[in-house]
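Structure first, then comments.
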Amino acid sequence: MKQETALKLLKAGENVFLTGSAGAGKTYTLNQYIHYLKARKVPVAITASTGIAATHMNGMTIHTWAGIGIKDRLNDDDLKRMKERKYLKEHLENAQVLIIDEISMLHAKQLNLVNQVLKYFKESDEAFGGIQVIVAGDFFQLPPVGKKDESNRDKFCFMSEAWVEAKFRVCYLTEQHRQDDEILNQILNAIRAQSIQQNHIFALQQSRQHDIGETFTRLYTHNMDVDNINYLHLNEIENESHQFNAVLDGNEKLIETLKSSVRAPEELTLKKHAKVMFVKNNFDMGYINGSLGEVIGFEEDDKQGILPKVKLTDGTTLLVEPETWSIENEAGKVIASYQQIPLRLAWAITIHKSQGMTLEAAEINLTHTFEKGQGYDALSRLKSLTGLKLLGFNEQALELDSLAIKADRRFQELSTEAEVNFENIDLTPQHNAFIRHCGGTLNATEIARNEKKLSKGEKQNYAAATLEETRALFEDGYEIEDIAHERGLTPATIINHLARLHKEQG
Numbered sequence: 153m154k155q156e157t158a159l160k161l162l163k164a165g166e167n168v169f170l171t172g173s174a175g176a177g178k179t180y181t182l183n184q185y186i187h188y189l190k191a192r193k194v195p196v197a198i199t200a201s202t203g204i205a206a207t208h209m210n211g212m213t214i215h216t217w218a219g220i221g222i223k224d225r226l227n228d229d230d231l232k233r234m235k236e237r238k239y240l241k242e243h244l245e246n247a248q249v250l251i252i253d254e255i256s257m258l259h260a261k262q263l264n265l266v267n268q269v270l271k272y273f274k275e276s277d278e279a280f281g282g283i284q285v286i287v288a289g290d291f292f293q294l295p296p297v298g299k300k301d302e303s304n305r306d307k308f309c310f311m312s313e314a315w316v317e318a319k320f321r322v323c324y325l326t327e328q329h330r331q332d333d334e335i336l337n338q339i340l341n342a343i344r345a346q347s348i349q350q351n352h353i354f355a356l357q358q359s360r361q362h363d364i365g366e367t368f369t370r371l372y373t374h375n376m377d378v379d380n381i382n383y384l385h386l387n388e389i390e391n392e393s394h395q396f397n398a399v400l401d402g403n404e405k406l407i408e409t410l411k412s413s414v415r416a417p418e419e420l421t422l423k424k425h426a427k428v429m430f431v432k433n434n435f436d437m438g439y440i441n442g443s444l445g446e447v448i449g450f451e452e453d454d455k456q457g458i459l460p461k462v463k464l465t466d467g468t469t470l471l472v473e474p475e476t477w478s479i480e481n482e483a484g485k486v487i488a489s490y491q492q493i494p495l496r497l498a499w500a501i502t503i504h505k506s507q508g509m510t511l512e513a514a515e516i517n518l519t520h521t522f523e524k525g526q527g528y529d530a531l532s533r534l535k536s537l538t539g540l541k542l543l544g545f546n547e548q549a550l551e552l553d554s555l556a557i558k559a560d561r562r563f564q565e566l567s568t569e570a571e572v573n574f575e576n577i578d579l580t581p582q583h584n585a586f587i588r589h590c591g592g593t594l595n596a597t598e599i600a601r602n603e604k605k606l607s608k609g610e611k612q613n614y615a616a617a618t619l620e621e622t623r624a625l626f627e628d629g630y631e632i633e634d635i636a637h638e639r640g641l642t643p644a645t646i647i648n649h650l651a652r653l654h655k656e657q658g
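Numbering-wise, the sequence shown is residues 153 to 658 according to our numbering.
This is the structure in structure tokens:
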């Protein structure tokens, strides 16, 4: 399906699953639709399954937006407490359109929770409370992280009750816009069709000889390989080392759960010139889960002691303070916490962590691939075959999940059916009816004025949204410590929010 046809169907107000290969233009099409809605004053929630993907869309994670966090079930008391949170209540009740990007990494249970939350807040039995829901992604990418005994059938959200209820119209984009050379595009399409030829294998094997320069990312399948490479490079640096130990508190079993899920190591050793990656989102400080940088020094803080100073790839310099990961009971009380500098070494990263990235050059090792889809996911990060140095790959590296293959074929059929039915039909009456239904404007002068503002870059971003969340809690009478606890931020960050809000007001 062409992007124009997909956009026409999106504007009609139906629930849509927007899919296609990496680089097919899913994010571009979403941004076009977001611009269209904003120009017509339709409230749109822009979310994604991961922090990195969310920032690509100037949005937030679906877990934060829906208030579900890392939960896999919600009872009536949970929902009642959520409704007491003013900022959550307002944006959930006002939402007319919800976008979830990188849907392949959202667990089926979590999509069901989003459905449950919206039904509750919208007081409606319709799917997702009756609002338009657009999910975008590619199920040939890596599946969501789940429990050890879960199969992909349990994890894929197209197998969820919420997905069935939503009756998504499928828009399968077929044009390629990312890959710069035809050979890589052919290889990726061959993997998707599971029709790899000998010339494709030869091209991948020959890439081992490629000179990809000095600035590249190393991608590996296992954390162990990544850790070994990172420690090797760290030991080659002769500068003084600084060790940061995690502070653990609370229920012993839950602490073990935090240890296994938090990506900041319990013992973190850093040196000047170490390559690092942030492992937590902090939009206020200017980093996200996946931001890359280099340690450029260390500074003494009166309260925190020695802290690392990191220069991000975009040139931003940050003094990195400890962050806290916590688990709460049903009453909202913290019963286990894990505090650590939110960094890990990053000369190498796992393929799982690279999802959503576009890389100019990468050294990739698929010799120990253990999950179908890993090879496709890694190769699709690249813009061209010349930027690839593939050290090796096993038989599973180029395989895809059988359920994903079966589902993808059905998605293509449904998309073709929709294209045949709607490509040459004028849906303008449906477009206008949906805008009116959402309380938007159809006034041409107002739309033109709004589009002019949007073209100047006046976009709603997470930094603005997070200030509003702090403002709402403060106006509700919350103390600074309580706001910090509620939002998972430090008191210093909340004070900074309030100072900025005061400055804006006066």
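Cβ atoms here follow ideal geometry from the backbone N, Cα and C, with glycine treated the same way.
Short Cβ contact (7 Å threshold) for Thr369 with Leu511: Numbered from its first residue, the sequence shown carries residue 369 at position 217. Numbered from its first residue, the sequence shown carries residue 511 at position 359. In contact: Thr369 and Leu511 (Cβ atoms closer than 7 Å).
First and last residue of the uninterrupted beta strand (DSSP E) at Ala488: In the sequence shown, residue 488 corresponds to position 336, counting from 1. That run of the beta strand (DSSP E) goes 486-492.
Range covered by the alpha helix (DSSP H) that runs through Pro335: Residue mapping note: residue 335 aligns to position 183 of the sequence shown, counting from 1. Note that residue 335 is Ile in the sequence shown here, rather than Pro. Here the alpha helix (DSSP H) through Ile335 covers 334-344.
Cβ neighbour criterion (16 or more within 10 Å) applied to Leu594: Taking the sequence shown and counting its residues from 1, one reaches residue 594 at position 442. The residue in question, Leu594, is exposed, as its Cβ has fewer than 16 Cβ neighbours within 10 Å.
C-beta atoms of Lys424 and Glu475 nearer than 7 Å: Position 272 of the sequence shown, counted from the start, is the residue given in the question as residue 424. Position 323 of the sequence shown, counted from the start, is the residue given in the question as residue 475. Not closer than 7 Å, so no.
For Ile646, three-class secondary structure by DSSP: Residue numbering aside, residue 646 sits at position 494 when the sequence shown is read from its first letter. DSSP places Ile646 in helix when its eight states are reduced to three.
Nonlocal neighbours in the same chain, by C-beta distance under 8 Å from Ala191, ignoring five residues either side: Reading the sequence shown from its first residue, position 39 is the one you call residue 191. Only Ile599, Asn602, Glu603, Leu606 meet the Cβ criterion.
Minimum C-alpha distance to Leu265 - residue among Ile251, Gln284, Asp290, Leu226: By one-based count along the sequence shown, residue 265 stands at place 113. Out of Ile251, Gln284, Asp290, Leu226, Leu226 has the C-alpha closest to the C-alpha of Leu265.
Ranges of the beta strand (DSSP E) found wholly within the region 397-453, counting only runs of at least 3: 399-402, 419-423, 427-430, 444-453
7 Å Cβ cutoff met for Gly525 and Asp553: What you label residue 525 is simply residue 373 of the sequence shown in a count that begins at 1. What you label residue 553 is simply residue 401 of the sequence shown in a count that begins at 1. Yes, they are a contact pair.
Touching by the beta-carbon criterion (3+ pairs, under 8 Å), the region 254-273 and the region 233-244: yes
Residue burial classification, Asn397 (beta-carbon count within 10 angstroms, cutoff 16): Within the sequence shown, numbered from 1, the residue matching residue 397 stands at position 245. With fewer than 16 Cβ atoms within 10 Å of its Cβ, Asn397 is classed as exposed.
Three-way DSSP call (helix, strand, coil) for Glu390 in this model: Residue mapping note: residue 390 aligns to position 238 of the sequence shown, counting from 1. The answer is coil: DSSP assigns Glu390 none of H, G, I, E or B.
Validate contact between the region 356-364 and the region 534-542 using beta carbons, cut 8 Å, 3 pairs: yes
Cβ shell of Glu575 (< 7 Å), same chain only, five flanking positions each side left out: Residue 575 sits at position 423 when you count from the first residue of the sequence shown. The residues are Thr157.
Residue span of the alpha helix (DSSP H) that contains Arg601, given as start and end: Residue 601 sits at position 449 when you count from the first residue of the sequence shown. Here the alpha helix (DSSP H) through Arg601 covers 596-607.
Closest residue to Leu497 among Leu471, Phe430, Ala513 (Cα-Cα distance): If you number the sequence shown from 1, residue 497 lands on position 345. The candidate whose alpha carbon is nearest that of Leu497 is Phe430.
Length-filtered (3 minimum) beta strand (DSSP E) runs lying within the region 527-579: 540-545
C-alpha distance - Gln262 paired with Asn382, whole-angstrom precision: The count along the sequence shown starts at 1 and reaches residue 262 at position 110. The count along the sequence shown starts at 1 and reaches residue 382 at position 230. Looking at the two C-alpha atoms, the distance is approximately 33 Å.
Within 7 Å, strictly: CB atoms of Leu250 and Val285: To locate residue 250, count along the sequence shown from 1; it is residue 98. To locate residue 285, count along the sequence shown from 1; it is residue 133. Going by C-beta atoms, Leu250 is nearer than 7 Å to Val285.
Thr421 and Ser443 closer than 7 Å at C-beta: As a position in the sequence shown, residue 421 is number 269, starting the count at 1. As a position in the sequence shown, residue 443 is number 291, starting the count at 1. Their beta carbons are not under 7 Å apart, which means Thr421 does not touch Ser443 by this criterion.
Cβ contact check for the region 520-535 and the region 453-464: 3 or more pairs under 8 Å: no
Cβ contact check for the region 563-580 and the region 153-168: 3 or more pairs under 8 Å: yes
First through last residue of the alpha helix (DSSP H) which encompasses Asp230: Position 78 of the sequence shown, counted from the first residue, corresponds to residue 230. Unbroken alpha helix (DSSP H) run through Asp230: 228-235.
N-terminal and C-terminal residue of the beta strand (DSSP E) that Arg321 is part of: What you label residue 321 is simply residue 169 of the sequence shown in a count that begins at 1. Residues 321-325.
Simplified DSSP state of Gly165, which is helix, strand or coil: Residue numbering aside, residue 165 sits at position 13 when the sequence shown is read from its first letter. Gly165: coil per DSSP, three-state reduction.
Leu170 versus Val287: straight-line alpha-carbon distance, rounded: Mapped onto the sequence shown, residue 170 falls at position 18. Mapped onto the sequence shown, residue 287 falls at position 135. Rounded to the nearest angstrom, the two C-alpha atoms are 6 Å apart.
Cβ-Cβ distance between Ile493 and Val472 below 7 Å: Residue 493 sits at position 341 when you count from the first residue of the sequence shown. Residue 472 sits at position 320 when you count from the first residue of the sequence shown. Cβ atoms of Ile493 and Val472: closer than 7 Å.
Leu659 - containing beta strand (DSSP E), residue span: Past the boundaries of the shown model lies residue 659; the chain is included only from 153 to 658, so the question cannot be answered.
Exposed unless 16 or more other CB atoms sit within 10 angstroms - verdict on Pro581: The sequence position of residue 581 within the sequence shown is 429, counting from 1. It is exposed - the Cβ of Pro581 has fewer than 16 other Cβ atoms within 10 Å.
Cβ neighbour criterion (16 or more within 10 Å) applied to Leu384: For the purposes of this step, residue 384 is taken as residue 232 along the sequence shown, with counting starting at 1. Exposed: under 16 other Cβ atoms inside 10 Å.
Residues that Glu515 bridges to, as DSSP identifies them: Locating residue 515 in the sequence shown gives position 363, where the first residue counts as 1. Beta-bridge pairing links Glu515 to Arg370, Lys541.
Start and end residues, alpha helix (DSSP H) containing Leu263: In the sequence shown, residue 263 corresponds to position 111, counting from 1. 260-274 is the span of the alpha helix (DSSP H), which, as asked, contains Leu263.
Alpha-carbon spacing of Asn387 relative to Glu569, whole angstroms: Counted from its first residue, the sequence shown places residue 387 at position 235. Counted from its first residue, the sequence shown places residue 569 at position 417. Distance between the alpha carbons of Asn387 and Glu569 is about 58 Å.
Through-space distance from Phe308 to Val168, alpha-carbon basis: Stepping through the sequence shown from its first residue, residue 168 is reached at position 16. Stepping through the sequence shown from its first residue, residue 308 is reached at position 156. Rounded to the nearest angstrom, the two C-alpha atoms are 17 Å apart.
Asp253 (DSSP reduced to helix, strand or coil): Stepping through the sequence shown from its first residue, residue 253 is reached at position 101. Note: Asp253 maps to strand in three-state DSSP.
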